[in-house]
Amino acid sequence: MDAEHISKNSPNFLKKLLQKVDTEADVGRSVTRFLRYHPINEFEPFFESSGLRPHEYTPLLQRDLMFLSDDDLLLENYHILCNYGIPRNKMGKVYKEAGEIFRYDYGALAMKLKAYEELGLDRSFMAKMIVFFPSLLIGDVNVDFIESLEILRKGGIKLHWIEEHLSENSSYNWSHLHATLYLFSKTGYSYEQIGVLISQHPGIIFEGSGDRTLSLVGFLFKFGSSMQQITSLFLQFPKMQVGKFLMNLRQCFLFLTEVEMEVMEIGKIMQTHSLFMGSCKLKKTNSLLSALSVGKKRICNIILQNPQEMKNWVMGSKVGPLPKSGERQRSKMLKTKFLSDLGFVENSKEMEKALKVFRGRGAELQERFDCIMQAGLDKKDVCEMIRIYPQILNQTKEVIKMKIDFLVNDLGYPISSLVAFPAFLCYTIPTLSLRLEMYDWLKDQGKVDSMLSLSTVIGISEKLFVKRYVELHPRGSEVWQELKKKFGSENKL
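In structure tokens, the structure reads:
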């Protein structure tokens, strides 16, 4: 039986053998004569007939063995597995993945097979499982395997269903698979619910032995999803691979991150809308922003108002520019009104120049204007400051307050100094500190006028400041460099 199977299922070996003999003469006699002087390694055709290719079995060949009859244990265990129902052409896979099985002493392998049968698993099922998972016969009975089958059986899943949904070309880790089933059993799922869930979505446990599912659960946990929310998600899980669902969900997270949505808001959306976000694949962020013809801020507002809107932005869908929101026009109207109230003539070059300079929403300009006036300046003076240097309103109220406090309390200048030099508010505090500390040092050295105005000290370029003042003292450049290191300033506006 062995010889017949080997001879019929080792074409590569036979082809190689025939290439070495004279095929034009009597082939049988030529082969006999060749083998008399060139004995073959019988393990080569044996492994090939067991389903292995030459590059797979070559590393398995032993130098000190030529004949199968010299390896009694190999043949003994081989025959036990054959008689158990494992196809001979699958034996190579078993040998490759769990070769130690074929080294078991007499009777040991039969006892392991019997142990599984005593747990209620019939030969037909176990023969297929051994081909899928040869490691089941290594060591004691695989507890994860048995407990996983038990959970599935309690859920109404038959053994033949498991056979149908396993792939010989995939590898499975029963420890991970069992961990996935155990997670569901301990988080509120009844055995019946687990059975329904797995029968509808086999990939939950069979994709990566449940690793994809565990990764998905972990991903959702990171965003604060409760186990109840995750349980509900799986009860409504779409007809798709778990890995694909997870990939889509990650793509949505990346999209929300790239449009600069607040972290807390992303978390809320991921908790409440993960089902549809995992079910569809979004377009790339840049192409989507371009197609919609919107900025990141507006797209965030759209999503926050209705996350379901993202369903319209999936791959394959036609996406066109969104209608103008009117926000930009409203903002311009508020800016125009604000400038008109300050005395700017509408549609004048002066107003157009100011409108181009202003950043932010129209409503914010009035708040910033009031902030400067509340520091102790007349409205007329603040209006004049804006005419001279409108950029000062491009900063937040908090920054404006901080710089005014620095001017008055740290430097000791009166608030009225801003009227003559409003640009002061546009310099960074490190830059201001650098110039003024250098100026104070030069005053102490008697090298500069002690009554120089703020605009003279601050408003000129660094190059001119160094040439006109710093270099007046022999150590001026040295002190200047030390102060630059101290404040780390580059004279930025």
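One gets the numbering used here by counting positions in the sequence shown from 1 and adding 23 to each. We put the CB at the ideal spot given by N, CA and C, even for glycine.
Figure out for me which residue from M425, G366, T419, I292 has the closest Cα to the Cα of G247.
The residue given as residue 247 occupies position 224 in the sequence shown. The shortest C-alpha separation from G247 is found at I292.
Since V502 sits in a beta bridge, which residues does DSSP pair it with?
Looking up residue 502 in the sequence shown gives position 479. Beta-bridge pairing links V502 to no other residue.
Restricting to runs no shorter than 4 residues, where is the alpha helix (DSSP H) found entirely within the segment 200-264?
214-223, 226-229, 234-245, 250-258
Environment of N335 [buried if 16+ CB atoms lie within 10 Å]:
As a first step, residue 335 is located in the sequence shown; it is residue number 312 there, counting from the start. It counts as exposed.
Rounded to the nearest angstrom, what separates F242 and F299 at their Cα positions?
If you number the sequence shown from 1, residue 242 lands on position 219. If you number the sequence shown from 1, residue 299 lands on position 276. If I take the Cα positions, the gap works out to 16 Å.
Between C394 and K262, what straight-line distance do the alpha-carbon atoms span, to the nearest angstrom?
Counted from its first residue, the sequence shown places residue 394 at position 371. Counted from its first residue, the sequence shown places residue 262 at position 239. Cα to Cα, C394 sits roughly 58 Å from K262.
Ends of the alpha helix (DSSP H) at I415?
Taking the first residue of the sequence shown as position 1, residue 415 is located at position 392. Per DSSP, I415 belongs to no alpha helix (DSSP H) and is neither H nor E.
Check L104 in the structure and name its three-state DSSP category.
Translated into positions along the sequence shown, residue 104 becomes position 81. Of the three classes helix, strand and coil, the one that applies to L104 here is helix, per DSSP.
Compare the C-alpha of V337 against each of V422, K319, Q274 and name the closest.
Against the sequence shown, residue 337 aligns to sequence position 314. Checking every option, the nearest Cα to that of V337 belongs to Q274.
In or out: P68 buried (at least 16 other Cβ within 10 Å) or exposed?
Mapped onto the sequence shown, residue 68 falls at position 45. Buried, because 16 or more other Cβ atoms sit within 10 Å of the Cβ of P68.
Quick one: grab the DSSP three-state call for L305.
As a working note, residue 305 is residue 282 in the sequence shown. Looking at L305 - three-state DSSP - the assignment turns out to be strand.
For V337, the residue or residues it bridges with in DSSP:
Your numbering for residue 337 matches position 314 in the sequence shown. Note: V337 sits in a beta bridge opposite L305.
My output table needs one value for R76: the three-state DSSP class, helix, strand or coil.
Here residue 76 corresponds to residue number 53 of the sequence shown, with the count starting at 1. Looking at R76 - three-state DSSP - the assignment turns out to be coil, as it is neither helix nor strand.
So which of M287, E285, P225 has the shortest CA-CA distance to F257?
Within the sequence shown, numbered from 1, the residue matching residue 257 stands at position 234. Out of M287, E285, P225, P225 has the C-alpha closest to the C-alpha of F257.
Less than 9 Å between the C-beta atoms of E79 and G122, yes or no?
Counted from its first residue, the sequence shown places residue 79 at position 56. Counted from its first residue, the sequence shown places residue 122 at position 99. No. Outside cutoff.
Taking just the CA atoms, how far does G343 sit from M152?
Translated into positions along the sequence shown, residue 152 becomes position 129. Translated into positions along the sequence shown, residue 343 becomes position 320. Taking the straight line from one Cα to the other gives about 53 Å.
To test your reading of the DSSP string, which unbroken alpha helix (DSSP H) runs of 4 or more residues are found completely within the segment 148-178?
166-177
Does the distance from the CB of Y127 to the CB of L96 come in under 9 Å?
Within the sequence shown, residue 127 is the residue found at index 104, counting from 1. Within the sequence shown, residue 96 is the residue found at index 73, counting from 1. Going by C-beta atoms, Y127 is nearer than 9 Å to L96.
Out of curiosity, what's the CA-to-CA distance linking Y436 and L400?
Locating residue 436 in the sequence shown gives position 413, where the first residue counts as 1. Locating residue 400 in the sequence shown gives position 377, where the first residue counts as 1. Whole-angstrom Cα-Cα distance: 14 Å.
Is the distance from the Cβ of L457 to the Cβ of L506 below 9 Å?
Counting from one through the sequence shown, the residue named residue 457 turns up at place 434. Counting from one through the sequence shown, the residue named residue 506 turns up at place 483. Yes, Cβ-Cβ distance for L457 and L506 is below 9 Å.
Using beta-carbon positions only, say whether I521 and I180 come within less than 9 Å of one another.
This structure leaves residue 521 out entirely; the chain is present only between 24 and 516.
Return the first residue and the last residue of the alpha helix (DSSP H) that A443 is part of.
Along the sequence shown, read from residue 1 onward, the residue named residue 443 stands at position 420. Start and end: 440-443.
Would you say the segment 87-94 touches the segment 134-150, given that touching needs at least three Cβ pairs under 8 Å?
no
Once you ignore the five residues that flank I438 on each side, which residues in its own chain have a CB closer than 8 Å to its CB?
By 1-based counting over the sequence shown, the position of residue 438 is 415. Here the set comprises A398, G399, L400, I427, L430, V431.
Thinking Q308 and F278 are a contact (beta carbons under 8 Å), I'd like their distance in whole angstroms, please.
Here the question's residue 308 lines up with position 285 in the sequence shown. Here the question's residue 278 lines up with position 255 in the sequence shown. Contrary to the premise, residue 308 reads as Thr rather than Gln in this sequence. Rounded, the Cβ-Cβ distance is 5 Å, consistent with contact.
Straight-line gap, S238 to S316 (C-alpha atoms, nearest Å):
Residue mapping note: residue 238 aligns to position 215 of the sequence shown, counting from 1. Residue mapping note: residue 316 aligns to position 293 of the sequence shown, counting from 1. Cα to Cα, the separation comes out at about 35 Å.
Looking only at C-alpha atoms, which of N100, F276, P346, F156 sits nearest to E120?
In the sequence shown, the residue the question calls residue 120 occupies position 97. Checked all of N100, F276, P346, F156; the closest Cα to E120 is F156.
What is the DSSP secondary structure of G130, counted as helix, strand or coil?
Position 107 of the sequence shown, counted from the start, is the residue given in the question as residue 130. Three-state DSSP puts G130 in coil, outside helix and strand.
For I161 and Y214, which I take to be in contact (beta-carbon distance under 8 Å), what is that distance rounded to the nearest angstrom?
The count along the sequence shown starts at 1 and reaches residue 161 at position 138. The count along the sequence shown starts at 1 and reaches residue 214 at position 191. Not confirmed; about 29 Å, so no contact.
How many Å lie between G290 and M425 at the Cα?
For the purposes of this step, residue 290 is identified with residue 267 of the sequence shown, where counting begins at 1. For the purposes of this step, residue 425 is identified with residue 402 of the sequence shown, where counting begins at 1. Computed Cα separation, rounded: 33 Å.
Report yes or no: do the segment 164-172 and the segment 195-211 share at least 3 C-beta pairs separated by less than 8 Å?
yes
Distance cut-off 8 Å: N165 Cβ against heavy atoms of the ligand NAD:
The ligand NAD is not part of this structure, which contains no ligands at all.
Using alpha carbons as the reference points, say which of V480, L311, C323, K355 lies closest to G339.
Translated into the one-based positions of the sequence shown, residue 339 becomes position 316. Checked all of V480, L311, C323, K355; the closest Cα to G339 is L311.
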